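Chemist: Residue numbers (our numbering): 3 to 228.
Take a look at the following structure, please.
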Amino acid sequence: MSTIKLLSSNGVHAAMAGLGPQFERETGHRIDVSYDTANGLAARIKGGERGDVAIVTAPVMDALAREGITRAARPLARSGAGLAVRAGAAKPDIGTVESFTRALLGAKTIVYTRMGASGIYFAGLIDRLGIGDAIRAKATIPDGGLVGEYVAAGKVELAVQQLPELVAVPGVDIIGPFPEEIQVWTVMAAAPFSDAPNAAAAAALVEFLASPEALAAFCAKGMEAA
C-alpha cells in the first residue's frame, strides 16, 4: 500500500480528522498531510513543492490546473466565513450588516489571517464598511493558522475565519456566519497532482473525498454542498 502526500487547505482540517483515518482503514493506504492556507499552499506548489493530492480553494485549483500542475479537480463542499468567541463568552448579534458592524466595533480585540481566503476578504470588507482603520488598530493578523486558538487561549476576544476552521478549535463558541449580503463562499476542491508518485492511490483518495459519505462529514463540520 502507498503513502499519499496530501497538501491541504486548513478549511477542511476538521472534517479530515475523521475522513483521513476512515480512508486509511478502508484502503490500507496512509495519508501524510500538510496543512496551510490555500494561498500558502499555492506559493509552496509554485515554488516547486509537490505531492500526490491537493485540496485548495477552487480559484487556486483552477490556476494550478491551467499550469498543468494538477489533473481534473472534484468539488468537495463550500464554506462561509463567520465569527467566534471564547467558550462561554457573550455572543453579540451579527444577524444584519448593521449589527455585524457594531459587533466588530464593540470587540476589544480581533484576529484574522493575512493570507487565508477569509482573512483577505475580511480585510477588504472592513474598508467597504468604513471601519477598516478602527479594526486594524486592534487586530492581531497572523499569516495563517487557526485563529480560533487565539480566542480559546484568551488572547483575543473575536475570531474571524471560515466556519469549518473555527469549528476545528476546541474552546470556542461559534457566533454565526456573516450576514448573507456580505457573506463570501469558498468552494474547496481536490485533485491529484499531474506527476503524483502514487497516481492510483491519489485518484482513489479524490474519489473518496468527493463521495456523498464524505460530503456528510464536511457538512457536519461547518460546510455545505458546493
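Even for Gly, the Cβ is constructed at its ideal location relative to N, Cα and C.
Since the model is a prediction, treat every value here as computed from it, not as a measurement.
By DSSP, does L131 sit in helix, in strand, or in coil?
Modeler: Note: L131 maps to coil in three-state DSSP.
Chemist: Assign Y114 to one of three DSSP states: helix, strand, or coil.
Modeler: Y114 falls in the coil class under three-state DSSP.
Chemist: How close, in whole Å, do the beta carbons of K140 and I96 come, if the pair is a contact with beta carbons under 8 Å?
Modeler: Rounded, the Cβ-Cβ distance is 17 Å, inconsistent with contact.
Chemist: Can you list, in chain order, the residues of its chain with a C-beta nearer than 7 Å to that of A136? Leave out the 5 residues immediately preceding and following it.
Modeler: Once the five neighbours on either side are set aside, the close Cβ partners of A136 are L107.
Chemist: Name the two residues that bound the continuous beta strand (DSSP E) containing K48.
Modeler: Per DSSP, K48 belongs to no beta strand (DSSP E); it is in the alpha helix (DSSP H), A40 to K48.
Chemist: Please report the residue range of the beta strand (DSSP E) in which S196 lies.
Modeler: First-last for S196: undefined, no H or E at that position.
Chemist: Check this for me: beta carbons of L21 and A216, under 8 Å apart or not?
Modeler: Yes, these two residues count as a Cβ contact at 8 Å.
Chemist: From the DSSP output, in three-state form, read off V186 for me.
Modeler: V186: coil per DSSP, three-state reduction.
Chemist: Contact between the stretch 191 to 201 and the stretch 175 to 183: three or more CB pairs below 8 Å?
Modeler: Cβ pair count under 8 Å is below three, so no.
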